[in-house]
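Numbering-wise, the working numbering puts 241 at position 50 of the sequence shown, and it's gapless, one number per residue.
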Amino acid sequence: AGMNDRARTTYRARRMGFIFQVYNLLPVLNAVENVELPLLVADVRPKEARERATAALAQVGLESWARHRPAELSGGQRQRVTIARALVNEPALVWADEPTGSLDSSTAAEIMGLLRSLNERTGLTVVTVTHDPGIGAQSDRIIRMRDGRIVTGEGDGVEAVSTSAMAPEPRLAAV
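Structure (structure tokens):
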């Protein structure tokens, strides 16, 4: 509550990752530059930021696309750049809005496997907004919402939401 804008920005850059449904990649930067951006905001040295960004792209299978700008990438590749950017700072918490929405089923399964593995190995908490029941089925905790209110039980068109970020144990959660 007492943090100024700069302190909040630094905190988010160091402790949180964000996977946006619409990517939010800067078109003038290539993939590796987009991925290293949160590290530079968090005052990581440029050489280390580049090394970590390159490793994060490799983690999502895009190391050979590091020098390509977003306009040169497919939707699925852009989404994987966004995921690499969210994970590059080794956050404690990732907020993910439809993280697999632009991916084919095979790549989506790989990405969910990566997030699950990070959850198990590092305690990463993933809070996900999704309409995909397959994503929800892989989650440890689900809270369903309808019309902006938390509801219980099953139903058509219900979005899943999680409060696992506040749970005492790390969770992979559907939001």
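Using N, Cα and C, we set each Cβ at its ideal position, and we do this for glycine too.
Given the structure is predicted, the values throughout are model-derived calculations rather than measurements.
Supposed contact pair residue j and residue i - C-beta distance, whole angstroms, cut 8 Å
{"i": "alanine 257", "j": "alanine 222", "result": "5 Å"}
{"i": "glycine 208", "j": "asparagine 280", "result": "6 Å"}
{"i": "valine 317", "j": "leucine 305", "result": "Actually they are not in contact, since the Cβ atoms of valine 317 and leucine 305 sit about 10 Å apart, beyond 8 Å."}
{"i": "glutamine 212", "j": "glutamate 301", "result": "That belief does not hold up - the Cβ atoms of glutamine 212 and glutamate 301 are roughly 19 Å apart, past 8 Å."}
{"i": "glutamate 227", "j": "alanine 240", "result": "4 Å"}
{"i": "leucine 220", "j": "arginine 269", "result": "Actually they do not touch by this definition, with Cβ atoms about 12 Å apart."}
Of the listed residues the options, nearest to residue i (C-alpha basis)
{"i": "alanine 249", "options": "Arg271, Met336 and Glu239", "result": "Arg271"}
{"i": "glycine 339", "options": "Asp234, Leu220 and Val320", "result": "Val320"}
{"i": "alanine 283", "options": "Gly327, Glu227, Val226 and Ala204", "result": "Ala204"}
Where residue i falls: helix, strand or coil (DSSP)
{"i": "valine 219", "result": "coil"}
{"i": "valine 342", "result": "strand"}
{"i": "glutamate 337", "result": "In the sequence as presented, glutamate is not what sits at residue 337; that position holds arginine. Strand at arginine 337."}
DSSP bridge partner residues for residue i (one or two, in chain order)
{"i": "isoleucine 210", "result": "Ala287"}
{"i": "threonine 191", "result": "Outside the modelled stretch of the chain, which goes from 192 to 366, sits residue 191, for which no answer is possible."}
Cβ-heavy atom distance, residue i to the ligand PLP, below 7 Å
{"i": "valine 223", "result": "Of ligands this structure carries none, so the ligand PLP is not represented either."}
Exposure of residue i, with buried meaning 16 or more beta-carbon neighbours within 10 Å
{"i": "serine 308", "result": "exposed"}
{"i": "methionine 194", "result": "exposed"}
{"i": "leucine 230", "result": "buried"}
{"i": "glycine 325", "result": "exposed"}
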